[in-house]
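J.:
There are 2 protein chains.
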Amino acid sequence: MGELRKDPVLGRWVIIAQERSSRPGAFVRKPHHEDKTDPARCPFCLGHESETPHEVFSVRDKRTKPNTPGWGVRVVPNKFPALDEKHRLMKKGRGVYDMMTGFGAHEVVIESPNHHHEAKDQTIGQITSWLEVLQLRVGEMKKNEKIRYALIFKNKGRTAGASISHPHHQIIATPVTPKRVREELVGAMDYFKLKERCVFCDILDEERSYGQRIVYENEDYISFCPYASRFPYEIWIVPKAHGIDFHTQSVKKSLPSLAGHMKHVLKRLSDVLGDPEYNYLIHVAPNRFPRFGYWKTIEDDYHWHIELFPRLTIVAGFEWGTGFYINPIPPEQAARELRGK
Amino acid sequence: MGELRKDPVLGRWVIIAQERSSRPGAFVRKPHHEDKTDPARCPFCLGHESETPHEVFSVRDKRTKPNTPGWGVRVVPNKFPALDEKHRLMKKGRGVYDMMTGFGAHEVVIESPNHHHEAKDQTIGQITSWLEVLQLRVGEMKKNEKIRYALIFKNKGRTAGASISHPHHQIIATPVTPKRVREELVGAMDYFKLKERCVFCDILDEERSYGQRIVYENEDYISFCPYASRFPYEIWIVPKAHGIDFHTQSVKKSLPSLAGHMKHVLKRLSDVLGDPEYNYLIHVAPNRFPRFGYWKTIEDDYHWHIELFPRLTIVAGFEWGTGFYINPIPPEQAARELRGK
Chain A
1 MGELRKDPVL GRWVIIAQER SSRPGAFVRK PHHEDKTDPA RCPFCLGHES
51 ETPHEVFSVR DKRTKPNTPG WGVRVVPNKF PALDEKHRLM KKGRGVYDMM
101 TGFGAHEVVI ESPNHHHEAK DQTIGQITSW LEVLQLRVGE MKKNEKIRYA
151 LIFKNKGRTA GASISHPHHQ IIATPVTPKR VREELVGAMD YFKLKERCVF
201 CDILDEERSY GQRIVYENED YISFCPYASR FPYEIWIVPK AHGIDFHTQS
251 VKKSLPSLAG HMKHVLKRLS DVLGDPEYNY LIHVAPNRFP RFGYWKTIED
301 DYHWHIELFP RLTIVAGFEW GTGFYINPIP PEQAARELRG K
Chain B
1001 MGELRKDPVL GRWVIIAQER SSRPGAFVRK PHHEDKTDPA RCPFCLGHES
1051 ETPHEVFSVR DKRTKPNTPG WGVRVVPNKF PALDEKHRLM KKGRGVYDMM
1101 TGFGAHEVVI ESPNHHHEAK DQTIGQITSW LEVLQLRVGE MKKNEKIRYA
1151 LIFKNKGRTA GASISHPHHQ IIATPVTPKR VREELVGAMD YFKLKERCVF
1201 CDILDEERSY GQRIVYENED YISFCPYASR FPYEIWIVPK AHGIDFHTQS
1251 VKKSLPSLAG HMKHVLKRLS DVLGDPEYNY LIHVAPNRFP RFGYWKTIED
1301 DYHWHIELFP RLTIVAGFEW GTGFYINPIP PEQAARELRG K
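Sequence order for the protein chains is A and B. Counting in our numbering, the first sequence runs from 1 upward without gaps. Counting in our numbering, the second sequence runs from 1001 upward without gaps.
1. Check the Cβ-Cβ distances between Ile1172 of chain B and every residue of chain A, and say whether any is below 8 angstroms.
2. Let's see if you can read the secondary structure: which residues bound the alpha helix (DSSP H) around Leu308 of chain A?
3. Determine the chain A residues that contact Tyr1233 of chain B at a beta-carbon separation under 7 angstroms, and present them in chain order.
4. Chain B partners of Lys6 of chain A, CB-CB under 9 angstroms?
5. Spatial neighbours of Val1059 of chain B within its chain, please: C-beta separation below 7 angstroms, excluding the five flanking residues on both sides.
6. When you compare each of A:Lys65, A:Leu89 and A:Glu207 to Ala228 of chain A by their alpha carbons, which one comes out closest?
7. Using the rule of at least 16 other Cβ atoms within 10 Å of the residue's Cβ for burial, across every protein chain shown, is Met1090 of chain B buried or exposed?
8. The segment 1311 to 1330 of chain B: which residues have C-beta closer than 9 angstroms to a C-beta of chain A, in chain order?
9. So is Asp1202 of chain B in contact with chain A if we call contact Cβ pairs under 8 angstroms?
10. Between Asn1155 of chain B and chain A, is any beta-carbon pair separated by less than 8 angstroms?
11. Cα-Cα, which of A:Pro331, A:Val76, A:Met262 and A:Leu131 is closest to Ile222 of chain A?
12. Quick one: which chain B residues come within Cβ less than 7 angstroms of Tyr221 of chain A?
13. Along chain B, in chain order, which residues have C-beta atoms closer than 7 angstroms to that of Val96 of chain A?
14. Closer than 7 angstroms by beta-carbon distance: list the chain A residues that pair up with Trp1013 of chain B, in chain order.
15. Thinking C-beta only, is Ile1306 of chain B closer than 8 angstroms to Trp1236 of chain B?
16. List, in order along the chain, the chain A residues whose C-beta lies closer than 8 angstroms to that of His1283 of chain B?
17. CA-CA distance, Pro1328 of chain B and Ala1334 of chain B?
18. DSSP puts Asp98 of chain A in a beta bridge; with which residues?
19. Gly1340 of chain B by DSSP, collapsed to three states: which one?
20. Taking 7 angstroms as the cut-off, does the CB of Leu1308 of chain B come closer than this to any heavy atom belonging to the ligand ATP?
21. Please compile the residues from chain A whose C-beta is within a distance smaller than 7 angstroms of the C-beta of Leu1010 of chain B.
22. Should Arg5 of chain A go down as buried or exposed, given a rule of 16 or more other Cβ atoms within 10 Å for buried?
23. Taking contact to mean at least 3 C-beta pairs separated by less than 8 angstroms, is the segment 1147 to 1161 of chain B in contact with the segment 309 to 317 of chain A?
24. Closer than 8 angstroms by beta-carbon distance: list the chain A residues that pair up with Asn1287 of chain B, in chain order.
25. Indicate whether at least one CB of chain A lies closer than 8 angstroms to the CB of Tyr1294 of chain B.
26. Would a check of beta-carbon distances place Leu1151 of chain B closer than 8 angstroms to chain A?
27. I want to see whether chain A comes within less than 8 angstroms of Pro1178 of chain B, judged by CB atoms only; does it?
28. The segment 1065 to 1082 of chain B: which residues have C-beta closer than 9 angstroms to a C-beta of chain A, in chain order?
29. Quick one: measure Cβ to Cβ for Gly243 of chain A and Val1009 of chain B, integer angstroms, because I've assumed they're closer than 8 angstroms.
30. Note down, in chain order, every chain A residue with its Cβ under 7 angstroms from the Cβ of Ile1016 of chain B.
31. At a Cβ threshold of 8 angstroms, is Tyr1280 of chain B touching chain A?
32. Leaving out five residues on either side along the sequence, give the residues of the same chain with a beta carbon under 6 angstroms from the beta carbon of Ser112 of chain A.
33. List, in chain order, every chain B residue whose beta-carbon is nearer than 8 angstroms to that of Val199 of chain A.
34. Taking contact to mean at least 3 C-beta pairs separated by less than 8 angstroms, is the segment 1186 to 1206 of chain B in contact with the segment 1164 to 1178 of chain B?
35. Looking only at C-alpha atoms, which of A:Met99, A:Asn287 and A:Gly260 sits nearest to Arg182 of chain A?
36. I need the straight-line Cα distance from Ala17 of chain A to Pro276 of chain A, nearest angstrom please.
Printed below as a string of structure tokens:
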């Protein structure tokens, strides 16, 4: 059974998940680069529904049964979950150390039956469909009061951590607010204390007036290469409307616009960098049940957004040791290339 | 010219270093795995001294001249420096953003003329020799009051970020205390406030009494797989004697003991994992000139140490998005394998 352990100096939590060491390619002693799962043996392809754990949700033809073909988007628990709702949530001390049982959830959202079409090749309708499913699943997970945070993320390509190449997203729900997210929340709160404005709204203003880091803008979303980009061609996609959560009705109305935006940006990224591997993740507000001790001004100070980074550079000792990043491509140059004009 | 940029939400600094995009393999659109620089074209090999910037220090036969053969350890500025002492240190605002010129230092310490011998194959004398040089160079950099921190690190192998396979260390000196280091310093300080003890000394006690995460112990050093290991087979090497800096006279006396310790641990790591790629780094106290605003209790609360991690797993979207790590190998199991008994 997995467990969470807390670093006594940094307060950083680590998931010790021994089950995952049996995952294909999870633990490569030498990195390897067979990039594509063979569709004939892909557990996410049509007709292979029995090779995954039972589906928890699907968008499917009403005449078909769960765990059979007929679906458009399909959600299954991760076969090698980092965290699991079956564990009872328990916390205890061990000498100077703290631990917690590996309570949480870990789901896979299979974007479409098509093994080869990444978002850039999908229809706006298909993208909108899995965006709606992501909203729904996160909303469901956040009903549990033991869950503090739910992160939606995408790993595309082996170097980016995907063990299966069939297009999919993952959601991990955790019983603590992760350190990196907490830092962002606290940073936004501190900025608000000082200025009584949302730092992300201010960043959007700055980027629109400066212009040179903008990648794309449509009706409801803006994407740009952030001023302090950690990675070459890092892109943030930010909704123009201030809002702190992704799984809301008002965001739902803008999903076709987000789908078009993502398709455009991912297509440009692929054109400029030759189909790179990448990660992206959706940063949202944590769960806010009163007994958690509220983030008082969070409705005003935080702003959900997507952070996307192609995996081009290698993160080495200096970066791990300092939290400093060395980025050889200025974001102004990256944005110019990505805009294509 | 490089510059430092600060993330307005997280306070994380990023080095935008366009010069480094011309570094061989610095910016790989597809990862590649030609692992070894050809010795005939290696700028760190004997007889190729003119292919590096002029040496700033060397351990060499007194009858030989700088930048010629005859050396045992050789220090040169990085040819593609992330930071450079030639830049004047300047800070300014840019709209909502903060920047700083790319002032600092970036040196390469070539461990020996031998292209193939990593520390595990070197003599204790050779290892002691480059450890002394590392001490010396860090001591030199820290004399500059504009330098806040100097990080010693080692990248072994392409996946770990080494662009040249000839054994070498790097030192980067920065005009700010890096975020990750500051968090560790603050964590140690907070622990001291509560308990009036050094958290690292307490961890050493705990590890020695528990025993199962210990990898090796000799006269002056203990290594163990930390309780909340981020990575499989992560190892910390910690001096038994409390001390906050690496470049001191008292550490100098223990260098042969550290050399033997490192040789043993790196040999075991290689035996167990089949010569893996790895990073390690030496965490020490920051520069402490009075005008920086001291860390008041730092002499008591901090403890220098080495953090080492083989590069076996892939850091994916979840880790980047949360600061959470998923480690499939419990440190107790890793330590058992590394102890070999």
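Glycine included, C-beta positions come from ideal geometry on N, C-alpha and C. Predicted model, so just to flag it, every value in this text is computed and none were measured.
T.: So, from the data block:
1. yes
2. Here Leu308 of chain A belongs to no alpha helix (DSSP H); instead the beta strand (DSSP E) covers His305 to Pro310.
3. Under the 7 angstroms cutoff, chain A gives no residues; its nearest Cβ is about 10 angstroms from Tyr1233 of chain B.
4. Chain B residues near Lys6 of chain A: Tyr1227 and Ala1228.
5. Trp1071, Gly1072, Val1073, Ser1129 and Val1133
6. Nearest neighbour of Ala228 of chain A by Cα position, chosen from A:Lys65, A:Leu89 and A:Glu207, turns out to be A:Glu207.
7. exposed
8. Flagged, chain order: Arg1311, Leu1312, Thr1313, Ile1314, Val1315, Ala1316, Gly1317, Phe1318, Glu1319, Trp1320, Gly1321, Thr1322, Gly1323, Phe1324, Tyr1325, Ile1326, Asn1327, Pro1328, Ile1329 and Pro1330.
9. yes
10. yes
11. A:Met262
12. Correct list: empty, because the minimum Cβ distance to chain B is about 19 angstroms.
13. Asp1202, Ile1203 and Glu1206
14. Chain order gives the chain A residues near Trp1013 of chain B as Phe324, where near means a beta carbon separation below 7 angstroms.
15. yes
16. Gly321
17. The straight-line gap from Cα to Cα measures roughly 10 angstroms.
18. A:Lys6 and A:Gly93
19. coil
20. Inclusion of the ligand ATP in the displayed structure is not the case, the ligand content being empty and no account of it being possible.
21. Glu183, Glu184 and Gly187
22. buried
23. yes
24. At a C-beta separation below 8 angstroms, Asn1287 of chain B has no neighbours in chain A, since its nearest C-beta there lies roughly 14 angstroms away.
25. no
26. yes
27. Interface residue, yes.
28. Phe1080 and Ala1082
29. The Cβ separation is near 17 angstroms, so there is no contact.
30. Asn327 and Pro330
31. yes
32. Gln126
33. Going along chain B in sequence order, the residues near Val199 of chain A (Cβ under 8 angstroms) are Pro1008, Val1009 and Val1096.
34. no
35. The residue with the shortest Cα to Cα distance from Arg182 of chain A is A:Asn287.
36. 29 angstroms
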